[in-house]
Amino acid sequence: MTLQERIRGDDIELKWPEEGPTRIPSWIYTSEEIFRRELEVFHYGKSWNYVGLECELPEAGSFKRAWIGPRSVIVTRDENGEIHTVENRCAHRDSQMTWKECGKFEDGMIVCPYHNWTYAMDGSLKSMPFFRGAAGNPGMPKDFDKKQHGLVKLRTTVRGGVIWATYQEDTPSFEDFVGEGLPWYDRLFNGRKLKLLGFCRQIVPCNWKFYSDNTHDGYHAALLHTFIPKFGLWRPDGDYHQVPTADGRHIVYHMKYDSGLQHTRNEVTDELRVLKSEYELEDRRIVNQHSDEFGDSTNTAFQVFPSTVIQQFHSSFSIRHMIPKSATTHELSWNFFGYEDDDEEQIKARIRHSNLVGPSGFISAEDTEIIAQLQPNVNEYDSRHVIEMGGKGTEAAHTMISESAIRAFYSFYRKEMNL
Amino acid sequence: MLAEAKSLEQQIRDFYEEYTICLDDADYDRWSSYFTDDAEYKIISRENFDRGLPMASMSCEGIGMIKDRVTALVKVLVYEPRYWRRYVSSVRVKACDGNVIKSGANFLLYESMLDREPQLNMLGQYHDTLVRDGDSFRIKERFAVYDNHRILTTLFAPV
């Protein structure tokens with residue numbers, strides 16, 4: 090039976106439950122076939138994938154390595170300032186062209202370490218040793234056409250200092266792909282030059298969609314995480330919005346920060362077990378706002394599917410890069426940044442607030458800890474996850490206590506995956 | 089002179105041993121007493137450290153934030169129970185100027201969960217600035233630089 094036959098539902102095992110998006114079958118988190126299909130449909134399909142920040146390529150010859158699912162790519166800047174994305178894979182023998190995270194290619198040429206095939210920054214094959222032979226060695230055949238043997242090149246676009254790449258010629262423009270959430274993207278990437286502050290990377294033993302789902306899931310945020318409700322970062326009784334966009338492909342979260350909220354108690358907070366925990370912080374700078382940079386006192390998270398969640402949490406800015414490695418493993422790479430003209434105090438605040446997120450984050454570490462624990466159970470049980478909080482609809486929710494964004498996403502997912 | 093330098097190295101080795109025992113015993117309330125009030129404490133990737141990028145997985149500015157890490161670890165955060173054990177070796181004194189000492193060591197952090205085999209969580213080097221405090225020292229600055237490219241799942245434990 091072919092994969093297409095199976096995902097059409099010819100195999101009863103991979104048939105989506107009749108209830109629709111209020112049920113998620115556990116096999117989407119375990120099946121190798123589903124995993125390969127996701128990569129084809131999403132990452133290698135008509136999607137824009139995050140590959141880096143423009144400021145990581147300061148000059149001609151600069152490069153950085155990035156990942157699109159299990160595939161390694163190199164992002165380069167040529168002598169005209171143009172940015173290219175090519176696969177990190179020699180056209181000759183699949184050798185990796187670079188093993189470094191970043192650097193500068195000498196003379197603006199990418200040279201394979203194996204047989205020294207040499208490519209320009211846009212991936213076109215320029216030369217190789219002994220191309221025309223030497224001292225009686227015949228070299229390559231006369232009909233070898235270098236133009237046919239470049240590195241695989243991806244379409245690349247830059248918006249607001251962030252670099253995106255797609256495998257497909259007919260992927261819509263980045264702006265159309267992002268859709269109605271674009272103003273939230275532009276709020277952070279508003280033309281001010283970006284400054285890279287560093288990476289925190291995690292390798293996580295579970296399916297990558299558990300991470301994606303978790304960011305669609307406002308419901309857990311005040312129940313699993315103590316820091317969120319206790320310090321009034323977001324509260325179920327606060328101003329909170331989860332808005333599926335582009336037919337459920339992406340999701341925008343935005344919530345007003347109200348420092349007074351942490352002191353209020355009501356019938357909503359009575360439901361929050363985590364608020365019963367008695368403790369205080371010695372240094373509240375980690376949870377208090379440093380400055381209201383956008384004049385709207387708002388914290389945001391924008392999942393631009395399939396590769397990123399773009400987050401602004403007080404002064405901490407990050408692109409959380411979701412990198413599927415296998416059906417049961419993903420990397421989560423936090424790309425932290427600020428603005429080039431930030432003063433020293435602002436940078437300190439960005440680093441301080443980043444203690445809330447990342448692999449050790451007072452909030453985010455709990456997310457990864459929990460989702461890693463789901464994998465052994467979905468491996469074992471053919472279960473159906475029940476997604477009914479807030480009803481059965483897929484509309485935007487203006488409360489944390491709703492799973493409508495998950496339902497919206499899986500409505501989109503089923504359509505794209507033909508499930 | 090050589091004997092004196094050796095003696096300082098031995099004292100610092102003893103200090104690192106005490107510190108490690110304190111953490112391995114989960115004596116977290118005492119852990120903060122190893123730091124000066126204005127201490128800077130970071131657990132940072134080799135990648136960021138070598139490139140001069142300031143972001144770290146854990147960043148504490150001063151003793152208050154160090155104590156808050158303990159509060160979170162002991163009273164707040166949700167994580168799978170486990171035992172942590174640290175191994176410190178190759179202690180070195182890099183510079184000594186009066187009461188201020190630049191020192192370093194290698195570290196390993198192992199974790200043992202309750203239902204599976206122990207695993208290495210992190211390995212790397214300490215880059216420290218110590219100040220003398222009577223017969224012992226306090227840490228004024230610690231960069232715990234981990235060599236593993238990625239954190240294995242999560243990092244809750246201080247090192």
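Those sequence lines, one after another, are chains A and B. Number 508 marks the last residue of the first sequence (our numbering); no jumps. Number 247 marks the last residue of the second sequence (our numbering); no jumps. A virtual CB, placed ideally from N, CA and C, is assigned to each residue, including glycine.
Hey, residue i and residue j are a contact pair by Cβ (cut 8 Å); roughly how many whole angstroms apart?
i                      : j                      : result
residue 154 of chain A : residue 190 of chain A : 5 Å
residue 142 of chain A : residue 277 of chain A : Actually they do not touch by this definition, with Cβ atoms about 12 Å apart.
residue 410 of chain A : residue 424 of chain A : 6 Å
residue 163 of chain B : residue 449 of chain A : The pair is not a contact, with the Cβ atoms about 16 Å apart (cut-off 8 Å).
residue 77 of chain A  : residue 476 of chain A : Chain A is shown only over 90 to 508; residue 77 of chain A falls outside these bounds and no answer can be derived.
residue 340 of chain A : residue 351 of chain A : Going by Cβ atoms, the distance from residue 340 of chain A to residue 351 of chain A rounds to 26 Å, so no, they are not a contact pair.
residue 308 of chain A : residue 492 of chain A : 6 Å
residue 251 of chain A : residue 175 of chain A : 18 Å between Cβ atoms; not a contact.
residue 197 of chain B : residue 210 of chain B : 4 Å
Which same chain residues, not among the five before or five after residue i, have their C-beta less than 6 Å away from its C-beta?
i                      : result
residue 126 of chain B : 150
residue 481 of chain A : 111
residue 131 of chain A : 395
residue 123 of chain A : 117
residue 229 of chain B : 128, 217
residue 497 of chain A : 333, 337, 483
residue 167 of chain B : 244
residue 292 of chain A : 420
residue 220 of chain B : 187
residue 266 of chain A : 137
Please list, in chain order, all residues of the same chain as residue i whose beta carbon is under 8 Å from its beta carbon, the five residues on each side excluded.
i                      : result
residue 468 of chain A : 119, 417
residue 253 of chain A : 137, 138, 139, 140, 245, 246, 247, 263
residue 181 of chain B : 93, 96, 97, 100, 189, 190, 191
residue 97 of chain A  : Unreliable positioning characterises residue 97 of chain A in this predicted model, as indicated by a pLDDT of 48, which lies under 50. The coordinate reading is nonetheless provided below. These residues qualify, in order along the chain: 507.
residue 453 of chain A : 445, 446, 447
Assign residue i to buried or exposed, taking buried as 16 or more other Cβ atoms, counted over all protein chains shown, within 10 Å of its Cβ.
i                      : result
residue 487 of chain A : exposed
residue 322 of chain A : buried
residue 401 of chain A : buried
residue 441 of chain A : buried
residue 136 of chain B : buried
residue 188 of chain B : exposed
residue 373 of chain A : exposed
residue 227 of chain A : exposed
residue 175 of chain B : exposed
residue 316 of chain A : buried
residue 191 of chain B : buried
residue 33 of chain A  : Since the first and last residues shown for chain A are 90 and 508, residue 33 of chain A lies out of range.
residue 231 of chain A : exposed
residue 165 of chain B : buried
residue 233 of chain B : buried
residue 383 of chain A : exposed
residue 205 of chain A : exposed
residue 145 of chain B : buried
residue 355 of chain A : exposed
residue 50 of chain A  : For residue 50 of chain A there is no data in the structure shown, the boundaries of chain A being 90 and 508.
residue 270 of chain A : buried
residue 121 of chain A : exposed
From residue i to residue j, what distance separates their C-alpha atoms?
i                      : j                      : result
residue 185 of chain A : residue 152 of chain A : 14 Å
residue 103 of chain A : residue 445 of chain A : 38 Å
residue 408 of chain A : residue 396 of chain A : 10 Å
residue 343 of chain A : residue 152 of chain B : 30 Å
residue 508 of chain A : residue 133 of chain B : 41 Å
residue 268 of chain A : residue 135 of chain A : 14 Å
residue 381 of chain A : residue 439 of chain A : 13 Å
residue 233 of chain A : residue 505 of chain A : 40 Å
residue 178 of chain A : residue 161 of chain A : 8 Å
residue 301 of chain A : residue 280 of chain A : 28 Å
residue 116 of chain B : residue 226 of chain B : 16 Å
residue 193 of chain A : residue 210 of chain A : 11 Å
residue 379 of chain A : residue 353 of chain A : 22 Å
Cutting at 7 Å between CB atoms, please list the residues of its own chain near residue i, excluding the five before and the five after it.
i                      : result
residue 347 of chain A : 321, 327
residue 259 of chain A : 135
residue 184 of chain B : 96
residue 114 of chain A : 105, 106, 473
residue 235 of chain B : 134, 211, 212
residue 275 of chain A : 249
Confirm the yes/no value for this check: CB of residue i, any heavy atom of the ligand HEM, distance under 7 Å.
i                      : result
residue 336 of chain A : Absence of the ligand HEM is noted for the structure shown, with no ligands found whatsoever.
Suppose only complete runs of 3+ residues qualify. What are the beta strand (DSSP E) ranges in the segment 418–480 of chain A, listed by chain order? 418–428, 473–475
If we require 3 or more residues per run, which beta strand (DSSP E) segments fall completely within the segment 127–155 of chain A? 138–142
At 3 residues or longer, what runs of the beta strand (DSSP E) sit wholly inside the segment 257–286 of chain A? none
I'd like the ranges of any alpha helix (DSSP H) spanning at least 4 consecutive residues and lying wholly in the segment 294–370 of chain A. 297–305, 316–319
Ordered list of beta strand (DSSP E) runs contained in the segment 117–192 of chain B, each at least 3 residues: Within the segment 117–192 of chain B, the complete beta strand (DSSP E) runs of at least 3 residues are 123–133, 146–149, 170–185.
List, from N- to C-terminal side, the alpha helix (DSSP H) runs of 4 residues or more that fit wholly inside the segment 157–227 of chain A. none
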